[in-house]
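Adding 22 to a residue's 1-based position in the sequence shown gives its number in the numbering used here.
The structure under discussion appears below in the form of structure tokens.
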Amino acid sequence: MRRRALGKTGLEVSELGFGCASWWGKPRFPEREALGLVHEAIDRGVTLFDTGASYSAGEAEPRLGRALKGRDVSSLVIATKAGTFHAGGGRIGRDMRPAAVVASAERSLERLGLETLGLLQLHGPSVEELDAAMLRTLEDLKARGVARAVGLNSFDPAVIEHAVGLPQIDVVMVDYNVLRPERRPLVARAAAAGKGVLAGMPLAMGHTRPLLARLKGPQDLWYAARGLARHRGELARGRAFRFLHDLPDMTGSQVALAYVLDDPGVSAAVFGATRPAHLRENLAASGMMLSQALRDRIRAAQEADG
Ligand SMILES: NC(=O)c1ccc[n+]([C@@H]2O[C@H](COP(=O)([O-])OP(=O)(O)OC[C@H]3O[C@@H](n4cnc5c(N)ncnc54)[C@H](OP(=O)(O)O)[C@@H]3O)[C@@H](O)[C@H]2O)c1
23 MRRRALGKTG LEVSELGFGC ASWWGKPRFP EREALGLVHE AIDRGVTLFD
73 TGASYSAGEA EPRLGRALKG RDVSSLVIAT KAGTFHAGGG RIGRDMRPAA
123 VVASAERSLE RLGLETLGLL QLHGPSVEEL DAAMLRTLED LKARGVARAV
173 GLNSFDPAVI EHAVGLPQID VVMVDYNVLR PERRPLVARA AAAGKGVLAG
223 MPLAMGHTRP LLARLKGPQD LWYAARGLAR HRGELARGRA FRFLHDLPDM
273 TGSQVALAYV LDDPGVSAAV FGATRPAHLR ENLAASGMML SQALRDRIRA
323 AQEADG
């Protein structure tokens, strides 16, 4: 597994990170399988794990904590998020006040069973919320050793653009995948400013494959329902990229990951998976290169997509 610098944080991360979110964190997904995926990822060289206080209705963090119990975490970067929380009944609450962010980070340490977080990210802040008080709070959390690095996760380009200009922000997590080539200049500016850049959703949530072809288990129904409810645009745009799944030497997921990692501005791509075969296939993408012909084909599909 190749590693990359996480911006100017002094931390190094595996270029593929494992996302501990969504179906992975849900009690309906058996604990033994969920923990097995984390253990196998560590054994195969993954050092970056990404989760959030609100993920999987609040169940993802404590589950990741149980997975890490008894493991040597000194070389791992455990990333989590603050500013959102599970509000009951499947709803996600939001509290981006500095005091709530501090309390959330401290709770995360307990749930994860860690002495320090590798990375604390604000989960979807607005530009206005990134005010002097918040930036001081993030600096304090680092000074107190609660987190080694701080940053934010946003899918709003205006927020990322603003964060690129803030010296207190170490890392940004953006939605970057074959369906989102428009993020490339923003990623380049973030990297040039010394930010670590994490690509979330690098597989475009699987939406480059036909929905029906994916329905093999309960997790697929859950991901399909989420796609239909919240990501119809991606589902539609994914059609132009079906060819990624018919290539001779690489699977579609490997192409999707290699596409993101082809960008030198990216520190790591963080994917989600609940099947061990998917995990292995994805980790094998580290070091795979896209041919120029394939890059051109992807660019042509992106241009046709508009
Ligand atoms: N989605 C968001 O809104 C969001 C927001 C912020 C941060 N993030 C971060 O980004 C991470 C990844 O996001 P995500 O899980 O939403 O999307 P993703 O990684 O783009 O896609 C996950 C989907 O792809 C499938 N998959 C994985 N490997 C595959 C393979 N080799 N072949 C076929 N299908 C494969 C998974 O299926 P199986 O489960 O069957 O393996 C799952 O349905 C999250 O875990 C989180 O850390 C996501």
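Glycine residues also receive a C-beta, built at the ideal position from the N, C-alpha and C atoms.
When distances are taken from the beta-carbon of A295 to the heavy atoms of ligand 1, the shortest one is below 6 Å. Distances from the alpha-carbon of A127 to those of T102, D117, R119, S308 put T102 closest. The three-state secondary structure of I320, taken from DSSP, is helix. Collapsing the DSSP output to three states places Q190 in coil. For the pair R236 and R26, the Cα-to-Cα distance works out to about 32 Å. No Cβ-Cβ contact shorter than 7 Å links T73 with S36. The criterion of a C-beta distance shorter than 7 Å is satisfied by S308 and L38. Annotated three-state conformation of M195 is strand, per DSSP.
In this structure, the alpha-carbon of A306 lies about 8 Å from that of Q276. Shown here, D162 sits in a helix according to DSSP, grouped into three states.
A direct Cα-Cα distance of roughly 7 Å separates K164 from V172. For F40, the secondary structure class from DSSP, reduced to helix, strand or coil, is strand. By the Cβ neighbour-count rule, K48 is buried, with 16 or more other Cβ atoms within 10 Å of its own. When distances are taken from the beta-carbon of Y281 to the heavy atoms of ligand 1, even the shortest one reaches 6 Å or more.
According to the DSSP assignment, R133 belongs to the alpha helix (DSSP H) that extends over 120-134.
Using a 10 angstroms sphere on the CB of M311, the tally of other CB atoms stays under 16, which defines it as exposed. In the DSSP assignment, G216 falls outside any alpha helix (DSSP H), carrying neither H nor E. Secondary structure in the region 271-303: the beta strand (DSSP E) runs of 3 residues or longer, each lying completely within the stretch, are 290-293 in chain order. Excluding sequence positions up to five before and after A212, its CB lies within less than 6 Å of the CB of V186, V194, V219, all in the same chain and listed in chain order. Judged by DSSP secondary structure, R54 falls within the alpha helix (DSSP H) whose first and last residues are 53-65.
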